[in-house]
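J.: So the sequences go chain by chain: A and B.
Take any residue in the first sequence, note its place counting from 1, add 29, and you have its number in this note's numbering.
Take any residue in the second sequence, note its place counting from 1, add 16, and you have its number in this note's numbering.
Supplied in structure tokens, the structure appears directly below.
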Amino acid sequence: GAVVSQHPSRVICKSGTSVKIECRSLDFQATTMFWYRQFPKQSLMLMATSNEGSKATYEQGVEKDKFLINHASLTLSTLTVTSAHPEDSSFYICSASIQTSDYEQYFGPGTRLTVT
Amino acid sequence: GNSVTQMEGPVTLSEEAFLTINCTYTATGYPSLFWYVQYPGEGLQLLLKATKADDKGSNKGFEATYRKETTSFHLEKGSVQVSDSAVYFCALSDFGKLSFGAGTTVTVRA
Chain A
30 GAVVSQHPSR VICKSGTSVK IECRSLDFQA TTMFWYRQFP KQSLMLMATS NEGSKATYEQ
90 GVEKDKFLIN HASLTLSTLT VTSAHPEDSS FYICSASIQT SDYEQYFGPG TRLTVT
Chain B
17 GNSVTQMEGP VTLSEEAFLT INCTYTATGY PSLFWYVQYP GEGLQLLLKA TKADDKGSNK
77 GFEATYRKET TSFHLEKGSV QVSDSAVYFC ALSDFGKLSF GAGTTVTVRA
């Protein structure tokens, strides 16, 4: 149980275009979803936290107009990288949480974004 | 604020060797503690967790004990296998928000 999927797994786009990444909880309803960014050989950096039906909460230094997050249902959150640039190339990972006593997060497999 | 410090890698071991990865944390409250593992080309998987002081998390031969007095959650395995080669992340959860350590790359040679 507690499976989280991401789509696409890899995407290559041209500079200036926008890319949408989907995150789905397949067998449970997620009260909260998180988006992380992972640079090569580095740890995960939390970008934003989103709850279904409300605006995402962005971490300091993350541009909310560039990284648009929509959490339309309890099983789907999307991250749109707008006007992508090569420096946005990274591994983007989502996670989903059920609001239990220990707030455990279940991670998706990640999306490798390459901006050319 | 909350933070996690874990042993820097990379760590290279022979099969059946003993593995320890140190992890210490700083937190204002009483967080839950986790170890996540990331195998090559895959996403993070929860390896084990502990939700209160003196709890021991264990899975797949790995163990870690929540030590409040030393603010530590060191990961151990008595006999590693080649299949344990991965990146290991220590993390703490404060009301659902995870803070990760930098990750430790472990390579086990046959």
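We put the beta carbon where it would ideally sit given N, CA and C, even for glycine.
Is the separation between the beta-carbon of C106 of chain B and that of G94 of chain B shorter than 8 angstroms?
T.: Going by C-beta atoms, C106 of chain B is not nearer than 8 angstroms to G94 of chain B.
J.: Whether or not the stretch 74–82 of chain B and the stretch 47–55 of chain B are in contact is what I'm after, with contact meaning three or more pairs of Cβ atoms, one per stretch, closer than 8 angstroms; do they touch?
T.: Yes: at least three Cβ pairs fall under 8 angstroms.
J.: When you compare each of B:S19, B:F34, B:T21, B:V20 to E92 of chain B by their alpha carbons, which one comes out closest?
T.: With distances taken between Cα atoms, E92 of chain B lies closest to B:F34.
J.: Quick one: Cα of G45 of chain A to Cα of C123 of chain A, how far?
T.: If you take the alpha carbons of G45 of chain A and C123 of chain A, they lie about 23 angstroms apart.
J.: Along chain A, in chain order, which residues have C-beta atoms closer than 8 angstroms to that of A118 of chain B?
T.: Chain A residues near A118 of chain B: Q71, S72.
J.: Excluding the 5 residues flanking A59 of chain A on each side, which residues of the same chain have their C-beta closer than 7 angstroms to its C-beta?
T.: Result list for A59 of chain A: L103, T104, A125, S126, I127, in chain order.
J.: Using a Cβ-Cβ cutoff of less than 6 angstroms, which residues in the same chain neighbour S88 of chain B once the five nearest sequence positions on both sides are dropped?
T.: So the qualifying residues of the chain are T40.
J.: Would you list, in sequence order, the uninterrupted beta strand (DSSP E) runs of no fewer than 3 residues that lie entirely inside the stretch 65–133 of chain A?
T.: Counting whole runs of 3 or more residues, the stretch 65–133 of chain A contains the beta strand (DSSP E) stretches 73–80, 96–102, 105–110, 119–126.
J.: Check for me: the beta strand (DSSP E) holding V53 of chain B runs from which residue to which?
T.: V53 of chain B -> beta strand (DSSP E) spans 48–54.
J.: Going by CA-CA distance only, name the one from B:T44, B:T36, B:I37, B:S30 that's closest to G115 of chain B.
T.: The identity of residue 115 of chain B in the sequence shown is Ser, whereas the question assumes Gly. Among B:T44, B:T36, B:I37, B:S30, the Cα nearest to that of S115 of chain B belongs to B:T44.
J.: Which residue's Cα is closest to the Cα of Y65 of chain A: A:H114, A:G82, A:I50?
T.: When only C-alpha atoms are compared, the closest one is A:I50.
J.: By the 10 Å Cβ neighbour count, where 16 or more other Cβ atoms means buried, how is D100 of chain B classified, buried or exposed?
T.: Buried: at least 16 other Cβ atoms inside 10 Å.
J.: Can you find a CB in chain B that lies within less than 8 angstroms of the CB of S126 of chain A?
T.: Interface residue, yes.
J.: For D71 of chain B, collect the residues of the same chain with a Cβ closer than 8 angstroms to its Cβ; drop the 5 residues on either side in sequence, then sort them by chain order.
T.: Excluding sequence neighbours, D71 of chain B sits near T81, Y82.
J.: So what does DSSP say about V96 of chain B, is it helix, strand or coil?
T.: Coil.
J.: Alpha carbon to alpha carbon, how far is R125 of chain B from E81 of chain A?
T.: Approximately 45 angstroms, taken between the alpha carbons.
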